[in-house]
Amino acid sequence: MTTNDYLQLGLYLVVLLLLVKPLGSYMAHVFADAPNRVTRFGGRVERAIYRLCGIAPDEDMGWKRYALAVLLFNLLGLLAVYALQRLQGWLPLNPQHFGAVSADSSMNTAISFASNTNWQGYGGESTMSYLTQMLGLAVQNFLSAATGIAVLVALVRGFARRSATGIGNFWVDLTRSTLYLLLPLSLLLSLLLVSQGVVQNFKPYVDVPVVQASSYSTTAKDAAGHEVTTQAAVATQTLPMGPAASQIAIKQLGTNGGGFFNVNSAHPFENPTPLSNFLELLSILLIPAALCYTFGQMVGDRRQGWSLLAVMLVIFIPLLLACTAAEQAGNPLLAHLGVDQHASALQAGGNMEGKETRFGIADSTLWATATTAASNGSVNAMHDSFTPLGGLVPMWLMQLGEVIFGGVGSGLYGMLAFAVVAVFIAGLMVGRTPEYLGKKIEAYEMKMASLAVLLPCALVVIGTAIAVMVPAGVAGVANPGAHGFSEMLYAVSSASNNNGSAFGGLSANTPFWNVLLGACMFLARFPLIVAMLAMAGGLAAKRHVPESAGTLPTHTPLFVTLLACVVIVVGALTFLPALALGPIAEQLMSAMGH
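In terms of this note's numbering, the sequence shown opens at residue 1112 and continues consecutively.
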């Protein structure tokens, strides 16, 4: 790694951590039960929304009612996105006259955006109309993110309340997440991105002359069946337009991912400058990191939030350095050929395949690590072109359950499920009923936590096994051997952990892959939400247990180490055999010159 690498990575982490406390404190005020200066500021708009929608904001929902509201709301959103895609050929704001999206692709995309996964098997600028992008995909970017935050807040209330029957009101939590947090931040980020050159308009696509005309050969059969080769000239290129900046802002802030254009944040119209790259990168981890502070403030002990953030950083930073070091070291196969891959005044060095020269290796690996740690899934470089060990890092970060920052809300409630497992293990070691934040962790909580921890793991393993056994699954693989297996493993890991990024060598827009990945995305999102809400209901009903000499402190370095080890061990034990068949085997073969 170079000095420049360390400076870029260090600057990013410093700015991120400086923003954790102010934003985290602000969000704690947004979701506080008592009125405060934040909620009074937007109170009129908030109350108008409740009256318009017929919401009773004072209603305190039990966990079952809360879960039902979450599921019905997201199901309606899923159906709306599906309908928009199927009908877009007859709807307005379609200057390129795109037709209906196929049924299997529409189903996959609808589940993807409703579940905060934002996996895309299609090219955005060649498939979706402006109306579908705005009314369907961008709206779901807001609502799926707000849903994740709402579920987290309900779980936090479960820890904070004592002998209560309710965990809050979903409609209030959803409204406040959108009105006070996601909308203002998205508006600010959109304006900043537009200032950097990100497109935001309703113009039809524009044909412009190329700088240097060229030609290409095409081969076809004539009437007699003979092959005839002709030359076709290329004098113009088509520049896609559209309302991109507004969707890009919420896709990053809501850890949605996806992309207005096919190559995502590597496209110059989505991410044109180093400053836009830094702002988008910062927005990916901003809310998930700040929610840790929000959690600590809402449960009345800020140290609890800092300890969870510390766990995330303890795992994230070494993996970030490992990914950057692997890419800066270069392609091991080229080393056998004597290719100079060292950084110098004349070259960036390392493995620049699939990366934008305006960003370089450090910003590319930082994005790859952040986007897979945060359940975001957007990319500014092609992960399929990473070195085997460089590609292993983002894949394993997803397989850890998307709890290292994770999606907005969903990452932290996933980490809290691991925390429940960790205190249970600690309780077994000392022969004492485990406690967390003053609540006894008993069989019911362990069942819900185990479901949240193990279901994504099972989906990855079973889904990959199905893909490698079915001809329709293998048919989408562009590369043979270990790397082809990695492409399938990465795709199922991404869908089963609601991430959305991909190894681009897999042709996944087929009926088989659309159905398989759609099922994984759905099952990885909504059963986990129900489990977390069930845990919240059980915890809220419990009485607070005073601390004693036998209580395990959950804000100390010891607990940070224990929780980090639990997360790592679950990921390692579950996926090491599969990783050995994919990126690890590929690295060994490359190192030997094969």
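Beta carbons: idealized from backbone N, C-alpha and C, even for Gly.
Please check the pair residue i and residue j, which I expect to be a contact at CB under 8 Å, by giving their CB distance rounded to whole angstroms.
i: S1297; j: I1361; result: 5 Å
i: Q1510; j: G1693; result: Not quite, the Cβ-Cβ distance comes to about 11 Å (not below 8 Å), so this is no contact.
i: W1675; j: I1428; result: The amino acid at residue 1675 is misidentified as Trp; the sequence shows Ala. At roughly 11 Å, the Cβ-Cβ gap does not stay under 8 Å, so A1675 and I1428 are not in contact.
i: S1255; j: S1288; result: About 11 Å; that fails the 8 Å criterion.
i: L1430; j: L1508; result: 6 Å
i: A1400; j: M1138; result: Not quite, the Cβ-Cβ distance comes to about 11 Å (not below 8 Å), so this is no contact.
i: Y1193; j: A1221; result: 4 Å
i: P1505; j: S1701; result: No, P1505 and S1701 are not in contact; Cβ-Cβ is about 18 Å, not under 8 Å.
i: Q1439; j: D1116; result: 6 Å
i: G1518; j: G1370; result: With a Cβ gap of about 17 Å, G1518 and G1370 do not count as contacting.
i: A1433; j: A1563; result: That pair is no contact at about 27 Å.
i: A1211; j: L1198; result: 7 Å
i: F1516; j: A1485; result: 4 Å
i: A1528; j: A1560; result: 4 Å
State yes or no: is the C-beta of residue i within less than 8 Å of the C-beta of residue j?
i: S1096; j: A1652; result: In the structure as shown, the chain starts at 1112 and stops at 1705, and residue 1096 therefore has no counterpart that could be examined.
i: A1492; j: A1377; result: yes
i: M1239; j: N1625; result: no
i: V1309; j: G1353; result: no
i: G1411; j: E1556; result: no
i: I1278; j: A1647; result: yes
i: W1282; j: I1166; result: yes
i: T1435; j: T1482; result: no
i: M1632; j: S1223; result: yes
i: V1571; j: S1604; result: yes
i: Q1415; j: L1548; result: yes
i: A1714; j: G1247; result: Nothing can be reported for residue 1714: it is not among the residues displayed for the chain, which extend from 1112 to 1705.
i: Q1452; j: L1444; result: no
i: V1678; j: V1514; result: yes
i: Y1177; j: L1634; result: no
i: V1588; j: F1406; result: no
i: L1299; j: G1520; result: no
i: F1614; j: D1495; result: yes
i: L1195; j: T1258; result: no
i: S1357; j: Q1307; result: no
Going straight from the alpha carbon of residue i to that of residue j, what length do you get?
i: T1150; j: D1284; result: 12 Å
i: G1460; j: A1696; result: 24 Å
i: A1583; j: A1569; result: 21 Å
i: D1169; j: N1280; result: 8 Å
i: N1609; j: T1340; result: 46 Å
i: D1333; j: V1345; result: 23 Å
i: N1205; j: P1351; result: 13 Å
i: L1566; j: V1126; result: 35 Å
i: G1522; j: T1366; result: 10 Å
i: L1292; j: F1142; result: 11 Å
i: G1471; j: V1585; result: 33 Å
i: F1380; j: I1552; result: 50 Å
i: S1136; j: A1533; result: 27 Å
i: L1673; j: S1418; result: 11 Å
i: V1105; j: L1118; result: Lying outside 1112 to 1705, the shown extent of the chain, residue 1105 is not represented and no answer is given.
i: I1573; j: A1537; result: 30 Å
i: L1302; j: L1663; result: 47 Å
i: A1689; j: V1579; result: 12 Å
i: A1456; j: Q1251; result: 46 Å
i: I1398; j: P1320; result: 42 Å
i: A1530; j: D1318; result: 55 Å
i: V1671; j: L1424; result: 10 Å
i: T1685; j: F1596; result: 17 Å
i: L1186; j: T1228; result: 15 Å
i: L1617; j: P1668; result: 42 Å
i: H1140; j: L1128; result: 19 Å
i: G1525; j: G1153; result: 31 Å
i: N1312; j: E1598; result: 36 Å
i: A1718; j: E1546; result: This structure leaves residue 1718 out entirely; the chain is present only between 1112 and 1705.
Taking the DSSP output, what are the residues bridged to residue i?
i: Q1342; result: S1328
i: L1202; result: L1202 is not bridged to any residue.
i: Q1348; result: V1319
i: K1551; result: E1546
i: P1354; result: Q1311
i: L1617; result: V1588
i: A1492; result: K1466
For this session: Would you list, in sequence order, the uninterrupted alpha helix (DSSP H) runs of no fewer than 4 residues that lie entirely inside the stretch 1260-1308?
Result: With a minimum length of 4 residues, the continuous alpha helix (DSSP H) runs that stay inside the stretch 1260-1308 are 1281-1287, 1294-1307.
Problem set entry | beta strand (DSSP E) runs contained entirely in the stretch 1502-1549, provided each spans 3 or more residues | Here no run is fully enclosed.
For this session: May I have a chain-ordered list of the alpha helix (DSSP H) segments no shorter than 4 residues that lie completely inside the stretch 1413-1447?
Result: For the stretch 1413-1447, whole alpha helix (DSSP H) runs of length 4 or above, ordered along the chain, are 1413-1440, 1443-1446.
Problem set entry | Within the stretch 1144-1204, ranges of the alpha helix (DSSP H) (whole runs, at least 4 residues) | Segments of the alpha helix (DSSP H) lying fully in the stretch 1144-1204: 1148-1152, 1154-1164, 1174-1198.
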